[in-house]
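Novice:
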Amino acid sequence: MIILTLLPQGLSKCLKMNQLIISADDFGLTESVTKGISESILNGVVTRTSAMMCTNGFASIKKYAKGLEGKIGLHLQLTDGTPLLGTEEVLSLVDSDGNFPKKSNQLSMVNPIEVEKEWEAQVKALLDLGITPSHIDTHHNVHRFPKVFKVYCSIAKKYQLSARALSPIMAKKIDSFGLLGSNYCLETWFGNNITCSNLIENLTKAFQSIKNNGIVELMCHPGYVDQNLESRSSYLQAREKELEIFLDPKLKELLKQNNIQLIEA
Amino acid sequence: MEKTKAEIREAIKEILEEMIEMYDLPTTEITDELLLIETLGFSSVDIMHLLASVDMRFERHLPYDKIMLKNGEYVSDLSFGEIVDFVYDNFDFASSGPKQMS
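Those sequence lines, one after another, are chains H and C. If you're matching positions, the first sequence starts at 1 in this note's numbering and goes up one per residue. If you're matching positions, the second sequence starts at 1001 in this note's numbering and goes up one per residue.
(1) For the region 1022-1047 of chain C, which residues have a beta carbon sitting closer than 8 Å to at least one beta carbon of chain H?
(2) To the nearest angstrom, how far is it from the Cα of H/ILE200 to the Cα of H/GLN257?
(3) If you count every other CB in all the chains shown that lies within 10 Å of the CB of H/GLY10, and 16 or more means buried, which is it?
(4) So, is the C-beta of H/ASN105 closer than 7 Å to a C-beta in chain C?
(5) If I'm right that C/GLU1033 touches C/GLY1081 with Cβ under 8 Å, what's the distance once you round it to whole angstroms?
(6) Which value, in whole angstroms, describes the spacing of the CA atoms of C/MET1105 and H/CYS196?
(7) Can you look up H/TYR184 in the DSSP assignment and give me helix, strand or coil?
(8) Does any CB atom of chain C fall closer than 7 Å to the CB of H/SER108?
(9) Use the C-beta contact count for H/ALA156: other C-beta atoms within 10 angstroms, 16 or more gives buried, fewer gives exposed.
(10) Taking its Cβ as the centre, do 16 or more other Cβ atoms sit within 10 Å of C/ASP1046, making it buried, or is it exposed?
(11) When the distance is taken between beta carbons, is H/ALA121 closer than 7 Å to H/LEU78?
(12) H/THR49 bridges to which residues according to DSSP?
(13) From the DSSP output, read off the bridge partner residues of H/THR138.
(14) What does H/PHE115 pair with, by DSSP beta-bridge criteria?
(15) Rounded to whole angstroms, how far is the Cβ of H/ILE72 from the Cβ of H/ALA51, which I believe are closer than 8 Å?
(16) Answer with yes or no whether the minimum CB distance from H/ILE169 to chain C is below 7 Å.
(17) What are the residues in the region 139-158 of chain H lying within 7 Å of chain C by C-beta distance?
(18) By how many angstroms is the C-alpha of C/PRO1063 removed from the C-alpha of H/PRO133?
(19) Between the region 229-244 of chain H and the region 59-68 of chain H, can you find at least three pairs of beta-carbon atoms closer than 8 Å?
(20) Do we get a CB-CB distance below 7 Å when we pair H/LYS173 with the residues of chain B?
(21) On the three-state DSSP scale, how would you describe H/TYR224?
(22) Which residue wins for smallest C-alpha separation from C/PHE1091, given the options C/THR1028, C/LEU1051 and C/PHE1042?
(23) Does DSSP put H/ALA163 in a helix, in a strand, or in coil?
(24) Examine the Cβ distances between the region 97-115 of chain H and the region 18-37 of chain H and report whether three or more of them are shorter than 8 Å.
Right, here's the structure in full:
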């Protein structure tokens, strides 16, 4: 009798799987990137993406959003694009041409009130496209900066959206709002030397770092390269390499063999 | 743009105070001996965020690998004072912008 009672518990512990979100940034960056991301979700293992509102990419977002219902979040921007609000409303966020700075270390003067207004406009823009965001994250992970993180939390809380956490203490803060999120974000798997096997190695380490108890989010950038992308991004061929890996049926098998379950939340 | 050590210390202290407040960490007196991992519960990623915020504040890019990595492994902890010393010692050699995926 004792054996019968204990066996299912032991069995369920053995079968407990590590949960993984594979989240593709930059939906809407260019048509080729958007197409690649869509394929990586529809035909590969990528579980969700987040859309950029400040790159003139509305047409491609609408075009490739088909079939991705509930899997598109908002990639909030303060860098590398043009704000939705007029320059005079977001003076602390723009350069002399009215654009966001290219790099996040140029955000030293940001006014959190202006960040909030601009991000509200970005939420509205996505809703106006008929897409209800499933989650939020930020371009160049600008929410790593404390004063930006404060606004990020306020948007997540207001719209009850799950939000990318970049560290355990960030995850704890987001969790305190009762919002579902990952416990660890793997930000470092990128570049020209990526393979299926070094992805599995990186994921194994990520799960170990949270004691195999929680959700890991893999941040990624699959896509195709075109002239438009070449003119605006330094991350090029590696996007196609990422896409190739995410479409490879071998990866799905490797994830299974390593007890990793894909989830969307 | 030259900075005195006192100015650098004050700027890093302000950022750290913002992080303590933002992440609901226990209120702690910030001294040179304060250990970020042992006392505040930071991870190495949080220390990188602190350092990235220092970069942002000064619009610089300091060679943080030098302080974060020892023999290819992340250091087990860093004190507030070690970070202030590192930023001060490397400030004039820092480039004006970090390498960033875009």
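Note that CB positions come from ideal geometry on N, CA and C, so glycine has one too.
Specialist: According to the structure shown:
(1) Taking 8 Å as the Cβ-Cβ cut-off against chain H, the residues of the region 1022-1047 of chain C that qualify are MET1022, TYR1023, ASP1024, LEU1025, GLY1041, PHE1042, SER1043, VAL1045 and ASP1046.
(2) Linking H/ILE200 to H/GLN257 through their CA atoms gives a straight-line distance of about 10 Å.
(3) With a pLDDT of only 44 at H/GLY10, under the threshold of 50, the placement of this residue in the model should not be trusted; the figure read from the coordinates follows. Counting other Cβ atoms within 10 Å of its Cβ, H/GLY10 stays below 16 and is therefore classed as exposed.
(4) Answer yes: the Cβ-Cβ gap between H/ASN105 and chain C drops below 7 Å somewhere.
(5) Yes, C/GLU1033 and C/GLY1081 are in contact; Cβ-Cβ is about 7 Å, under 8 Å.
(6) The question about residue 1105 of chain C has no answer, for chain C in this structure spans 1001 to 1102.
(7) Shown here, H/TYR184 sits in a strand according to DSSP, grouped into three states.
(8) For H/SER108, the answer is yes, since a Cβ of chain C falls inside 7 Å of its Cβ.
(9) In summary, H/ALA156 is buried, with 16 or more beta-carbon neighbours lying within 10 Å of its beta-carbon over all protein chains present.
(10) By the neighbour-count definition (other C-beta atoms within 10 Å, threshold 16), C/ASP1046 is a buried residue.
(11) In terms of Cβ geometry, H/LEU78 and H/ALA121 do not form a close pair [threshold 7 Å].
(12) Note: H/THR49 sits in a beta bridge opposite H/ALA24 and H/ILE72.
(13) For H/THR138, which the question treats as bridged, DSSP gives the partners H/LEU76.
(14) A small fix is needed here, since residue 115 of chain H is Val in this sequence, not Phe. H/VAL115 pairs with nothing; no bridge assigned.
(15) Contact flag correct, Cβ pair sits at about 6 Å.
(16) By this cut-off, H/ILE169 is an interface position.
(17) Residues passing the 7 Å Cβ filter: HIS140, ARG144, PHE145, PRO146, LYS147, PHE149 and LYS150.
(18) Distance from the CA of H/PRO133 to the CA of C/PRO1063, rounded to the nearest whole angstrom, comes to 37 Å.
(19) No: fewer than three Cβ pairs fall under 8 Å.
(20) Structure shown: chain B not included; protein chains present are H and C.
(21) In the displayed model, H/TYR224 falls within coil according to three-state DSSP, outside both helix and strand.
(22) Ranking C/THR1028, C/LEU1051 and C/PHE1042 by Cα distance to C/PHE1091 puts C/LEU1051 first.
(23) In the structure shown, H/ALA163 sits in a strand (DSSP, three-state: E or B).
(24) Contact between the region 97-115 of chain H and the region 18-37 of chain H is absent: fewer than 3 CB-CB pairs across the two stretches fall below 8 Å.
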